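All remarks here apply to the structure that follows.
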Amino acid sequence: MDIIPQIIINSVIAGAIYTIIALGFNLIYSTVKFFDIGYGVLMTIGSYVVFLLFKKLGFDFYLSILFGIVTSGLIGYLIYKIVYYPLRARKASNMVLLIASLGVFIVLQAIIAILFTSQFQTLTLSSSVQKIYEIFGGFITQTQIVIFITSVVLVLVVALVLKKTMLGKMIKAIGDNEDVSKIVGIDTRKIIGYVFLIASSIAGVAGILVGLDTGIEPTMGMSLLLKGVVATIIGGIGNIYGAIIGGFFLGFIENFGIWQISGEWKEAIVFAILIIFLIFRPQGILKK
Amino acid sequence: MEYIIHILILVGIYGILAISLNLIVGYTGLLSVTHAAFFGIGAYAVGILMTSIGVNFFLAVLLGIIFSCLFALLIGLVMSKFKDDYYALASFGFNIIVFSIFLNWQKLTRGPLGIPGIKRPEIFNFIFSSNLHFLILVLVALLLIYFISHFIVNSSFGRVLKAIREDENTIQVFGYRTLYYKLAIFVIGAGMAAVAGGLFASYITFIDPSSFVLMESIFILSIIILGGLANNKGALIGAIFLIILPEALRFVGMPSDIAAQMRQVIYGVILILLMLYRPKGLLGEYKL
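Chains as they are written, first to last, in numbering that gives the first Met the number 0: chain A, 0 to 287; chain B, 0 to 287.
Here it is as structure tokens:
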């Protein structure tokens, strides 16, 4: 049997996940212009809230997911209020913000590990068997189809919001020039708060989907975050469609790389690509 | 007593790492988060050379330094293209690539199995077998590194480094080829980290890739941010504090796995608070 269809399916699913991660990360970066490492741990939080409510406390599945997304969003918003806002109000440098966000990441990840142990867990019930479909000789699970559809819907919604609504226009204006936006009467503090709320909720969605597909552990955030960052940079920072191109490009390179070389080198392949892009095309495939 | 000696040895090793990273981050202003890679290269060089060929420890450390320097030259050349937060991001990438090599080049490094049975240093038929003797060796190395670093930053070379940190364009106008200076200090710092790696491998007698992950680089960075950038006494104080902290937590009666996570919570919180209220650390002379 030919293995190519399966690799293509795996690439598309990985690409869809990276697209979702990059979507939220890109939204934050293009508005506030610093690398928010703390974004990574919000994915972990989202999936652990679902784990707690659904598997430990027996809540309804969809209700748990809703709570997971909302919790991620709110925590992201609170972090902005408590840490990033005061720093930005003081015009702290990007490096200060990067290190502060690293601190946020370390603290929250460790708290999750204390509360839920460092063990690998699954989000799905062991009794339920996933439906598996066959497409062109490759297999795809029900969860993976949901992942793909979610990524398409999220990209469309975010693109529409940015293009058509007043909120979207204000977000773009702040991304272009924060000071001028303030002068023309945009409440930048509030709008950037919304950006963190939306992007952090997207992080929650990404974390829950990864959790449903493969499982969760407290340290999952960093590698997912870095994939999202790499996808953002490859695609083109500050360009919403860049997230799609970067995400899928990364998904394909990674999976075909694994096929040709071997699975263990996955992370190294991703970062080799990042560094190649940073050297030769730092603005990414799509310019802003 | 044995226990206190053990702690002091660790403080010494991390002191070397902190001082060497301080040259790069504190004095030159290059936010490098890849120090654990050079620490690891030193450790693996000593581990492999001593166990498979039976090279003397001191010769092995010397070769480890050379190897680490060469690698740093290569990485430094690539990284010299980036600035500030992109520099930090690219250094993340290199740490992960080097970690991947430790993990996956199984013929050389035995991958996740690690290298056991690394011997203690031996010179003129004298073996540093007791921990007290080893502590003396570590302290001698620490003092040596401290004074070399002191000498570097107070020389005319060191003044150029600080000028690069403050304003790279201006010092270029005066005719300094800043690229060479940045490369040189990066290579020197990497060589010093390799010394710490060699001592670590020989002290623990066993190394595996998990000691050289990205989190370790972040930990070393936290030490110097806490103690104060561009201040070597601060770097030492930071190392003492962050090494003793988890041990103190164990004394309070916390189980060791939770103590390890608590350490992360505490140094994460320290990073956030420092960024918010005192971005130059305890004794720092440079603000990010």
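For each residue, glycine too, the CB sits at the ideal point set by N, CA and C. Computed from a prediction, not measured in an experiment: that's the story for all the values here.
Query	Result
Quick check: what's the CA-CA separation for A/Gly72 versus A/Ala198?	7 Å
Under 7 Å Cβ-Cβ, which residues of chain B neighbour A/Ile274?	Val77, Ala89, Gly92
Between B/Ile271, B/Gly25, B/Ile96, which has its C-alpha nearest A/Ile78's C-alpha?	B/Ile271
First and last residue of the beta strand (DSSP E) that includes A/Tyr132?	131–134
Is B/Thr33 helix, strand or coil by DSSP?	coil
How many angstroms separate the CA atom of B/Ile151 from the CA atom of B/Lys279?	21 Å
Assess contact between the segment 166–183 of chain A and the segment 27–37 of chain A, defined as three or more Cβ pairs (one per stretch) separated by less than 8 Å. Is contact present?	yes
Please report the distance separating the alpha-carbon of B/Cys68 from that of B/Gly75.	10 Å
Rounded to whole angstroms, how far is the Cβ of B/Ser148 from the Cβ of B/Ile242, which I believe are closer than 8 Å?	Actually they are not in contact, since the Cβ atoms of B/Ser148 and B/Ile242 sit about 19 Å apart, beyond 8 Å.
Can you look up A/Gln118 in the DSSP assignment and give me helix, strand or coil?	coil
Can you confirm whether the segment 38–49 of chain B touches the segment 167–180 of chain B when touching is taken to mean that 3 or more C-beta pairs between the two stretches lie within less than 8 Å?	no
Of all the options A/Met219, A/Gly23, A/Ala112, which has the alpha carbon lying nearest to the alpha carbon of B/Arg262?	A/Ala112
Locate the alpha helix (DSSP H) running through B/Ile144, then write down its first and last residues.	130–153
Looking at chain A, is there any beta carbon in it that lies within less than 8 Å of the beta carbon of B/Lys80?	yes
From A/Val152 to B/Tyr202, what distance separates their C-alpha atoms?	55 Å
Report buried or exposed for B/Ser99, applying the criterion of at least 16 other Cβ atoms within 10 angstroms of its Cβ.	buried
Report yes if the CB atom of A/Ile146 is closer than 8 Å to the CB atom of A/Leu208, and no otherwise.	yes
Looking only at DSSP bridge pairs, what is A/Thr140 linked to?	A/Ile131
Within the continuous alpha helix (DSSP H) that includes A/Ala267, where are the two ends?	265–279
Closer than 9 Å, Cβ to any Cβ of chain A: which residues of the segment 265–276 of chain B, in chain order?	Ile265, Tyr266, Gly267, Val268, Ile269, Leu270, Ile271, Leu272, Leu273, Met274, Leu275
If you pair each beta-carbon of the segment 186–202 of chain B with each one of the segment 238–255 of chain B, do three or more pairs fall below 8 Å?	no
Starting from A/Glu253 and walking both ways along the alpha helix (DSSP H), at which residues does that stretch end?	239–259
Could you check whether the segment 55–62 of chain A touches the segment 179–187 of chain A, counting it as contact only if at least three pairs of C-beta atoms, one from each stretch, sit closer than 8 Å?	no
Who are the neighbours of B/Asp83 on chain A, taking C-beta pairs under 7 Å?	Asn93, Met94
Counting only Cβ pairs nearer than 7 Å, list the residues of chain B close to A/Glu266.	Ile95, Ser99
How is B/Phe125 classed by DSSP in three states: helix, strand or coil?	strand
Pick from A/Ala158, A/Leu114, A/Tyr193, A/Gly210: whose alpha carbon is nearest that of A/Gln143?	A/Gly210
Is there at least one Cβ from chain A nearer than 8 Å to B/Pro278's Cβ?	yes
Tell me which residue opens and which closes the alpha helix (DSSP H) that B/Met78 is part of.	56–78
Step through the CB atoms of chain A and report whether any lies within less than 8 Å of the CB of B/Leu30.	yes
Contact check, B/Leu58 vs B/Ile184 under 8 Å by CB: the rounded distance?	B/Leu58 to B/Ile184, Cβ: 26 Å. No contact.
Does chain B have any CB closer than 8 Å to the CB of A/Val106?	yes
I want to see whether chain B comes within less than 8 Å of A/Glu133, judged by CB atoms only; does it?	no
How many Å lie between A/Thr43 and A/Lys55 at the Cα?	17 Å
Using a Cβ-Cβ distance cut-off of 8 Å, determine whether A/Gly102 contacts chain B.	yes
Is the number of C-beta pairs between the segment 76–94 of chain B and the segment 265–282 of chain A that are closer than 8 Å three or more?	yes
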